[in-house]
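Since the structure comes first, as structure tokens, the remarks are kept for the end.
Residue numbers (my numbering): 100 to 289.
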């Protein structure tokens, strides 16, 4: 599972301690969780080498990608039809919302119609994506420790992605909420 919207090195270390498989940092986005490339590098440096770092962006500008890639993430999560520059050696996750066609030009898709707002995911669209996608499907949108078990059992995604569901305020992760979310996910995926 990915804990996304991390804004500090301290919260990144907390996500790793909780057992997250990936840590997401928002960049080049109007989100209140968006950080500078310099801050992103600090956060990524705080993450264990056994945990995947993901730069998440809503930009539609190809020129922003060079700056994002300079933060040295393991993967980038992008929307639209952005293409990575030639020679970029990162995994690519494409964001999908209800109505979007499935993609196979990536390493995985993130089904999240809320685009980080915490609005609940569209269950039927997510289930169709899981059933038909040629690449792994990651479920996001409104997940919390109270609803993630049902989401995993009914949708059967490859992984889940949480941001606001483990926060006390936008960008302020709560160690107790992160631990609870990860524990429930690990138990449910067994």
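Beta carbons are placed, not taken as given, at the ideal position from N, Cα and C, and that holds for glycine.
Computed from a prediction, not measured in an experiment: that's the story for all the values here.
Subject >> Exposed unless 16 or more other CB atoms sit within 10 angstroms - verdict on residue 253 >> reply: exposed
Subject >> the region 197 to 207 / the region 230 to 243 touching (three or more Cβ pairs under 8 Å) >> reply: yes
**OP:** State yes or no: is the C-beta of residue 164 within less than 8 Å of the C-beta of residue 192?
**Re:** no
**OP:** Can you say whether residue 132 is buried or exposed, counting buried as having 16 or more other CB atoms within 10 angstroms of its CB?
**Re:** buried
Original post:
Is DSSP giving residue 140 helix, strand or coil here?
Top reply: In the structure shown, residue 140 sits in a helix (DSSP, three-state: H, G or I).
**OP:** Jot down the residue ranges of each uninterrupted beta strand (DSSP E) in the region 214 to 284, minimum 3 residues, whole runs only, in chain order.
**Re:** 236 to 239, 258 to 261, 266 to 268
Original post:
Would a C-beta distance cut-off of 8 Å place residue 150 and residue 103 closer than the cut-off?
Top reply: no
**OP:** For residue 244, collect the residues of the same chain with a Cβ closer than 6 Å to its Cβ; drop the 5 residues on either side in sequence, then sort them by chain order.
**Re:** 279, 280, 283
Original post:
Under 8 Å, do residue 137 and residue 108 count as touching if we go by C-beta distance?
Top reply: no
Subject >> Endpoints, the beta strand (DSSP E) within which residue 121 is located >> reply: 121 to 126
**OP:** Specify, as a first and last residue, the run of the alpha helix (DSSP H) that residue 113 falls within.
**Re:** 108 to 117 is the extent of the alpha helix (DSSP H) around residue 113.
Original post:
Looking only at its own chain, which residues have a Cβ that is under 8 Å from the Cβ of residue 273, when we skip the five neighbours before and after it?
Top reply: 265, 266, 267
Subject >> Residues near residue 221 in its chain [Cβ-Cβ closer than 6 Å; skip 5 each side] >> reply: 197, 212
Subject >> Bounding residues of the alpha helix (DSSP H) (the contiguous stretch that carries residue 168) >> reply: 161 to 168
**OP:** Less than 8 Å between the CB atoms is what I'm expecting for residue 206 and residue 190, so what's the real figure, rounded?
**Re:** 4 Å
Subject >> Spatially closest choice to residue 125 from 139, 161, 230, by CA coordinates >> reply: 139
**OP:** Just the C-alpha distance for residue 276 and residue 111, rounded to the nearest angstrom, thanks.
**Re:** 14 Å
Original post:
Would you report the Cα separation of residue 145 and residue 121, rounded to the nearest angstrom?
Top reply: 12 Å
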